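Undergrad: One structure is given below, represented as structure tokens, and several questions about it will come after.
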Amino acid sequence: MIRLQKYLADCGICSRRKAEEHILRGDVKVNNEVITELGFKVEPKKDKVFFKNEPVVLNKKNIYIILNKPTGCVTTAKEQFSRKTVFDYIDIKERLVPVGRLDYDTSGLLILTNDGELTYKLTHPKHSIKKTYIAKVFGVPKKQELARFREGIVIDGYKTLPAMIKVIKLEGKYSYVQISITEGKNRQVRKMCEAIGHRVIELKRISIDRIKLGDLEEGKYRYMTKEEVKYLKKI
Numbered sequence: 000m001i002r003l004q005k006y007l008a009d010c011g012i013c014s015r016r017k018a019e020e021h022i023l024r025g026d027v028k029v030n031n032e033v034i035t036e037l038g039f040k041v042e043p044k045k046d047k048v049f050f051k052n053e054p055v056v057l058n059k060k061n062i063y064i065i066l067n068k069p070t071g072c073v074t075t076a077k078e079q080f081s082r083k084t085v086f087d088y089i090d091i092k093e094r095l096v097p098v099g100r101l102d103y104d105t106s107g108l109l110i111l112t113n114d115g116e117l118t119y120k121l122t123h124p125k126h127s128i129k130k131t132y133i134a135k136v137f138g139v140p141k142k143q144e145l146a147r148f149r150e151g152i153v154i155d156g157y158k159t160l161p162a163m164i165k166v167i168k169l170e171g172k173y174s175y176v177q178i179s180i181t182e183g184k185n186r187q188v189r190k191m192c193e194a195i196g197h198r199v200i201e202l203k204r205i206s207i208d209r210i211k212l213g214d215l216e217e218g219k220y221r222y223m224t225k226e227e228v229k230y231l232k233k234i
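For reference, each letter of the sequence shown is one residue, going 0 to 234 in numbering that gives the first Met the number 0.
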């Protein structure tokens, strides 16, 4: 027996936390009965599960890819405003789920998979996965501003965890900074930079822990290596 939300995640429908939202919303049926109980368990070989009236089947093969997400697209499967989504750049028939999100105007490394357990592990706050970005910002952060950033900054009513930041390049009235955080709050890097007085012009994620974007072309994807998948599962 397995909890319904975990089964949906294992089938690549969505993350476990997102599955809980769908269950509470009444989007899931088991044996033609709408289930809204988070503790409900299913027997995969016996029960028939439906998500939004579509049958859910357990994936036999897990897929792991890295996409260099361009700016100007959203990290969702469906988009109500008809904007491009990351799935417009992928020609894989299996249903994949983005591991976390990147904003519409942020580019860079995005992992997509149908491995619900790994998605849950990499997105759960308790695991504190380090994510590294390159940001082009207005001005050049001063030493005291960098110190504030590293100690954690109050944004949206909470104080961020300690972060890493260093200036790596100057370009006229702009500078490039490398930033590493272990949280994933909404537009967190942009808000942290604004809090020290340096608005972000461009933002690109270059790594998630030891998994690096490298020279992957923007808008292109690649399958993760066995070594990369093995490492992520060990985190």
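Note that beta-carbon positions come from the ideal geometry of N, C-alpha and C, so glycine has one too. As the structure is a prediction and not an experimental result, all values here were calculated from the model.
Give the range of the alpha helix (DSSP H) segment to which residue 191 is assigned.
TA: By one-based count along the sequence shown, residue 191 stands at place 192. Residue 191 -> alpha helix (DSSP H) spans 187-194.
Undergrad: For residue 34, collect the residues of the same chain with a Cβ closer than 8 Å to its Cβ; drop the 5 residues on either side in sequence, then sort them by chain order.
TA: As a first step, residue 34 is located in the sequence shown; it is residue number 35 there, counting from the start. The residues are 3, 22, 27, 28.
Undergrad: Assuming contact is defined by CB atoms lying nearer than 8 Å, are residue 0 and residue 55 in contact in what I supplied?
TA: One-based indexing of the sequence shown puts residue 0 at position 1. One-based indexing of the sequence shown puts residue 55 at position 56. Not closer than 8 Å, so no.
Undergrad: Should the region 151-159 be regarded as contacting the region 210-230, the criterion being three or more beta carbon pairs within less than 8 Å?
TA: The region 151-159 vs the region 210-230: no contact.
Undergrad: Between the beta-carbon of residue 204 and the beta-carbon of residue 75, is there less than 8 Å?
TA: Here residue 204 corresponds to residue number 205 of the sequence shown, with the count starting at 1. Here residue 75 corresponds to residue number 76 of the sequence shown, with the count starting at 1. No, Cβ-Cβ distance for residue 204 and residue 75 is not below 8 Å.
Undergrad: So the alpha helix (DSSP H) residue 228 belongs to, where does it begin and stop?
TA: Counting from one through the sequence shown, the residue named residue 228 turns up at place 229. Residue 228 -> alpha helix (DSSP H) spans 225-233.
Undergrad: Looking at residue 195: is its Cβ nearer than 8 Å to the Cβ of residue 140?
TA: If you number the sequence shown from 1, residue 195 lands on position 196. If you number the sequence shown from 1, residue 140 lands on position 141. Taking 8 Å as the Cβ cut-off, residue 195 and residue 140 qualify as a contacting pair.
Undergrad: Can you list, in chain order, the residues of its chain with a C-beta nearer than 8 Å to that of residue 57? Leave out the 5 residues immediately preceding and following it.
TA: Locating residue 57 in the sequence shown gives position 58, counting from the first residue. For residue 57, where only same-chain residues beyond five positions count, the Cβ hits under 8 Å are 6, 9, 10, 43.
Undergrad: Less than 8 Å separating the beta-carbons of residue 241 and residue 219?
TA: As displayed, the chain neither begins before 0 nor continues past 234, which places residue 241 out of reach and without an answer.
Undergrad: Among 103, 184, 84, which one has its Cα closest to the Cα of residue 95?
TA: Residue numbering aside, residue 95 sits at position 96 when the sequence shown is read from its first letter. Checking every option, the nearest Cα to that of residue 95 belongs to 84.
Undergrad: Taking the straight line between their C-alpha atoms, what separation do you get for residue 131 and residue 48?
TA: The sequence position of residue 131 within the sequence shown is 132, counting from 1. The sequence position of residue 48 within the sequence shown is 49, counting from 1. One C-alpha to the other measures close to 38 Å.
Undergrad: Is the beta carbon of residue 163 sitting closer than 8 Å to the one on residue 174?
TA: Here the question's residue 163 lines up with position 164 in the sequence shown. Here the question's residue 174 lines up with position 175 in the sequence shown. No, the Cβ-Cβ distance between residue 163 and residue 174 is not below 8 Å.
Undergrad: Please tell me whether residue 12 and residue 221 are closer than 8 Å, where the distance is taken between their beta carbons.
TA: Counting from one through the sequence shown, the residue named residue 12 turns up at place 13. Counting from one through the sequence shown, the residue named residue 221 turns up at place 222. Cβ distance not < 8 Å, so residue 12 and residue 221 don't count as in contact.
Undergrad: When the distance is taken between beta carbons, is residue 206 closer than 8 Å to residue 121?
TA: Position 122 of the sequence shown, counted from the start, is the residue given in the question as residue 121. Position 207 of the sequence shown, counted from the start, is the residue given in the question as residue 206. Not closer than 8 Å, so no.
Undergrad: Below 6 Å CB to CB, which residues in the same chain sit around residue 185 once its five sequence neighbours on both sides are set aside?
TA: As a position in the sequence shown, residue 185 is number 186, starting the count at 1. Closer than 6 Å at Cβ, skipping near neighbours: no residue.
Undergrad: Where does residue 142 fall in DSSP's three states?
TA: Position 143 of the sequence shown, counted from the start, is the residue given in the question as residue 142. If DSSP states are grouped into helix, strand and coil, residue 142 belongs with the helices.
Undergrad: If you follow the beta strand (DSSP E) that residue 221 is in, where does it begin and where does it stop?
TA: One-based indexing of the sequence shown puts residue 221 at position 222. Taken as a continuous stretch (DSSP letters only), the beta strand (DSSP E) holding residue 221 covers 220-222.
Undergrad: Can you give me the start and stop residues for the alpha helix (DSSP H) that residue 5 sits inside?
TA: On the sequence shown, position 6 is the one that residue 5 refers to. Here the alpha helix (DSSP H) through residue 5 covers 3-9.
Undergrad: Report, in whole angstroms, the separation of the C-beta atoms of residue 201 and residue 69, which I expect to be a contact under 8 Å.
TA: Mapped onto the sequence shown, residue 201 falls at position 202. Mapped onto the sequence shown, residue 69 falls at position 70. Not a contact, Cβ separation roughly 12 Å.
Undergrad: For residue 97, which residues in the same chain have their Cβ closer than 7 Å to its Cβ, ignoring the five residues on either side in sequence?
TA: Here residue 97 refers to the residue found at position 98 when the sequence shown is read from its first residue. The answer, listed in chain order, is 74, 85, 109, 111.
Undergrad: Given this structure, state the Cα-to-Cα distance separating residue 52 from residue 169, to the nearest angstrom.
TA: As a first step, residue 52 is located in the sequence shown; it is residue number 53 there, counting from the start. As a first step, residue 169 is located in the sequence shown; it is residue number 170 there, counting from the start. One C-alpha to the other measures close to 54 Å.
Undergrad: Can you tell which of 197, 199, 158, 223 has the C-alpha that lies nearest to the C-alpha of residue 209?
TA: As a working mapping, residue 209 is identified with position 210 in the sequence shown. The shortest Cα separation from residue 209 among 197, 199, 158, 223 belongs to 223.
Undergrad: When the distance is taken between beta carbons, is residue 192 closer than 8 Å to residue 146?
TA: Here residue 146 refers to the residue found at position 147 when the sequence shown is read from its first residue. Here residue 192 refers to the residue found at position 193 when the sequence shown is read from its first residue. For residue 146 and residue 192, no; Cβs fall outside 8 Å.
Undergrad: Confirm, please, whether the CB-CB distance from residue 37 to residue 19 is below 8 Å.
TA: The sequence position of residue 19 within the sequence shown is 20, counting from 1. The sequence position of residue 37 within the sequence shown is 38, counting from 1. It is a contact, given that the beta carbons lie within the stated cut-off.
Undergrad: In angstroms, rounded to a whole number, what distance separates the CA positions of residue 30 and residue 93?
TA: As a first step, residue 30 must be located in the sequence shown, where it is residue number 31. As a first step, residue 93 must be located in the sequence shown, where it is residue number 94. Distance between the alpha carbons of residue 30 and residue 93 is about 24 Å.
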